Structure formats: structure tokens, C-alpha cells
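K.L.:
Each position in the sequence shown, counted from 1, maps to that position plus 9 in my numbering.
Cβ coordinates follow ideal geometry from the N, Cα and C atoms, glycine included.
Owing to the predicted nature of the structure, the values given are computational and were not obtained by experimental measurement.
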Amino acid sequence: MADVEFGTEFPELNLLTLEEATIDGEAVECVVVDGNVIAKFPQGTHSITATRHGSSIWTQTARISTTLSDDTPKSYFLKVAAGSLGLGMVEGEYESLAAIYAVKPGFCPKPQAWGTFKSNPDLHFILTDFIEMEREIPEREPVIPEKDEFTTMLADFHLASRAMSPNGKFGFHCTTYNGNLAQDNTWTDTWEEYYKNNIVRMLQLEEEARGPSEELKELSKQLLKKVIPRLLRPLETGPIPLEICDEVRTMRPAGVQFGRKYLSAYHDKFRQSESTEDAEDRLALYALRSRIHDSALYPMNAGFRNLVIEQMKLLVEKYPDGYEEPNTKARTANQEVATPS
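In C-alpha cells form, the structure reads like this:
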């Protein structure tokens, strides 16, 4: 399956106000820090400066350097988004980070606050601790975390969060976003239902972005009716029922290949969900969700829809019969044995 390049035809954002400043005798282009952001700093914070840092298609970002009241340096990461969509994006990111940080501090930046600019009610922000990210050379290469350290932290996080659902259901209490796409986090009783809702939402957004495709529509019907029940229902009807956070679907997203060594290292610490013989196809199903996301996010690139159709077709062709109850399979097998030749 060929990789495709992400599209780049997006308008440049101008959400940050810039001004010239002199720092250590040098002229520097600084970001003006809004009053409502400053209000989130600890009392006595001073020497506040900010510069643009990193890049994003749907937001603008900055690093804020400050000095605390005891003269300790403290840096923050600021992300700014616009409009009602941006408000939802920063709230969802803050709530997600807060949930992760509550379970395992250090696994993500500490979220500090989110809110709306005092100077412009159409601009919204999330503020977190700033984390220095190590870069490999060349700089454009992805930074892959060290295998054992990362998989241990991920397994510990999943083990610690298994009982964290407030109502024993799958979902989240607010809308979260992938880029600028709203996810369907409606509480559901089963993983199958939750994942199916997510796929339906993504397919709707993909069609809105690109227009209809009869081939994709027909494949989607079979995916929802046959493939998803066949691959996900056994997780909750088998001998070892799935618990919330048991299933890992984050280690094979489209475009980021951790590889089998990472999966094996993870499963050394956290058991693989039953049935294990379906594991590779479940990963393919989870990767398909990322492919649909990409197709909706980058409609200017035809390659993403082609990848969605290609991957969906493989799953639909492999599982034409869908899910069968275990007792139905047993009766069918017995009938075949009893049938005279």
C-alpha cells in the first residue's frame, strides 16, 4: 500500500499578534501575550516573553518564557484557535490532557488552562507546560520514542486507567477533535458500538469534504454491517471479555509505523485482546479510521480516498459473512460432520 503526501493547500493563519522587542541586545519578533492568558500564570510571575514555536494547520502556537516569584524559570506552550470550532478544539484538548495527566503525570504535558482571549472574543487558547522535544537528524525524520520505555509507560497508563470510566461505558464527556474534525464520543455500552459511531461520523465528514463515492458508499455498508461486528464483537463476547482501555489501537496509525517490536514489547506488559488470531485485521480496521480522517482532512489529495477504498475492500472481501454466534458455528460444524458423503 503506497504512502501519500499530506496536502499543503491551506490558508496561512494570522491569529497571533506580533511585536518587535529587544532581548539580550537583539531585535526579536515576539508574540503579544493576551491578558486572559497572563491571568492563568501563578501569582508573582514576571519577565514574560513569547515567541512563535512550531507549526500547525488549524492553530497557531507559541512558547511563553516566564520567571516565577521565586525567580525559577518556567515555560509554557500556547495554542490558539479561532471561532466556535476553535473553542471546541481547545476545550477538547484540555479535557483530554487533563484526563491523561490525572492517570499518569509525565505521560503528557501538564495542562494549565483553556479559555478565550480578553482582546478578541473570537480567539481561544489552551495553555500547557512546555516540554523540550528531542529531534533526530535529519530534522524532518519522525521522532520515535525508545521502545521499552515507551511501551512500559503506555502499558502502565492503560492498566491504571481501566477503571476510570465514570459510568462503565465507552466514550468521553466532551467532544474531542482530530485536527479540526469533531469526534463522536457519545457514551456507549460496547466497544463495537463506540467504534462504529466513530466510523460513521468520519465517513460523513469525508463525504462532506470530497463529495459522494458510490464505491465507497457500498463498501461502507458492508464494513458497518459485516466487518466491524465480526472483528470487534468477539472482544466482548469471548472467554475474556474486553475491559475499557484493554484494546490498543494507537500503535498503528496511518503514517506512523511503530513496528512489530513495539507491539511485542507492549504485549509483554499488557495482554493481547482475544481473539488473538484476529489481531492483525483489527489493527487494519483501526488504521482505516485514521485513513478516513486523513481523507477528510486533506481533500485536495486524491490519494487518501484511494487508500481508504483499497483498505476497506480488503477487509470486506475477507469477512463477507460477518459475525456468527458461537453456538451457530457449533451447530453448523456438527451438521457438516453428520452429513453423509
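(1) Can you look up I109 in the DSSP assignment and give me helix, strand or coil?
(2) Checking the sheet assignment: what are the DSSP bridge partners for L69?
(3) Pull up the distance between the alpha-carbon of H133 and that of D287, whole angstroms please.
(4) Are the CB atoms of R291 and S282 within a distance shorter than 9 Å?
(5) Is it the case that the Cβ atoms of V46 and G124 are separated by a distance below 9 Å?
(6) Going by beta carbon distance, what residues of the same chain come within less than 7 Å of V42, once the five residues before and after it are set aside?
(7) Counting Cβ pairs, one atom from each stretch, are 3 or more of them under 8 Å apart for the stretch 294-312 and the stretch 176-185?
(8) Tell me the rounded alpha-carbon separation between M260 and Y295.
(9) Is the separation between the beta-carbon of F179 and that of D198 shorter than 9 Å?
(10) Pull up the CB-CB distance for Y85 and F139, whole angstroms please, since I reckon it's below 8 Å.
(11) Can you look up P262 in the DSSP assignment and give me helix, strand or coil?
(12) How would you label M321, buried or exposed, when you count the other beta carbons within 10 angstroms and need 16 or more for buried?
(13) If you count every other CB in all the chains shown that lies within 10 Å of the CB of A90, and 16 or more means buried, which is it?
(14) Have a look at V236, N206, L251 and S273 and flag the residue whose alpha-carbon is nearest the alpha-carbon of G177.
(15) Nearest to F166 by CA position, among C117, D131, L136 and L190, is which residue?
(16) Once DSSP output is grouped into helix, strand and coil, what is the label at L25?
(17) Which same chain residues end up closer than 7 Å to A263 when comparing Cβ atoms and leaving out the 5 residues on each side of it in sequence?
(18) From P329 to L136, what distance separates their C-alpha atoms?
(19) Could you tell me the distance, in whole angstroms, from the CA atom of L87 to the CA atom of N310?
(20) Cα separation between W67 and A107?
(21) Any idea if G101 is buried or exposed, counting beta-carbon neighbours within 10 angstroms, 16 or more meaning buried?
(22) Starting from V236, follow the alpha helix (DSSP H) in both directions and report where the run begins and ends.
(23) From the DSSP output, which residues share a beta bridge with R61?
(24) Can you tell which of E141, I153, P154 and G97 has its C-alpha closest to the C-alpha of D131?
(25) If you follow the beta strand (DSSP E) that G44 is part of, which residue opens it and which one closes it?
(26) Let me confirm a value: T75 is counted as buried when at least 16 other C-beta atoms fall within 10 Å, else exposed. Which label applies?
(27) For E333, count the other beta carbons within 10 Å of its own beta carbon; 16 or more makes it buried, fewer makes it exposed. Which is it?
(28) Write down the C-beta distance between K230 and G331 rounded to the nearest angstrom, noting that I regard them as a contact closer than 8 Å.
(29) For the putative contact between N78 and G53, defined by C-beta atoms under 8 Å, what is the C-beta separation to the nearest angstrom?
(30) Measuring CB to CB, does M162 end up less than 9 Å from L190?
P.N.:
So, from the listed chains and residues:
(1) helix
(2) Strictly speaking, residue 69 in this sequence is Gln, with Leu absent from that position. The partner list for Q69 (beta bridge, DSSP) reads V89.
(3) 43 Å
(4) yes
(5) yes
(6) I57, A59 and I73
(7) no
(8) Because M260 sits at a pLDDT of 46, beneath the cut-off of 50, its placement in the model cannot be relied upon, and the point is left open.
(9) yes
(10) 5 Å
(11) Because the pLDDT at P262 is just 48, under 50, the model does not fix this residue reliably, and the value given afterwards should be weighed accordingly. Here P262 sits in coil by DSSP.
(12) buried
(13) buried
(14) L251
(15) C117
(16) coil
(17) Note that A263 scores 44 on pLDDT, short of 50, meaning its location in the model is unreliable; the coordinates nonetheless yield the value given after this. Within the same chain, A263 has close Cβ partners A296, S299, R300 and D303.
(18) 48 Å
(19) 30 Å
(20) 21 Å
(21) buried
(22) That residue, V236, is in no alpha helix (DSSP H); it is neither H nor E in DSSP.
(23) A71
(24) G97
(25) Segment G44 to I47 is the alpha helix (DSSP H) holding G44; no beta strand (DSSP E) there.
(26) buried
(27) exposed
(28) That pair is no contact at about 12 Å.
(29) In the sequence on display, residue 78 carries Ser and not Asn. Confirmed, Cβ separation roughly 3 Å.
(30) no
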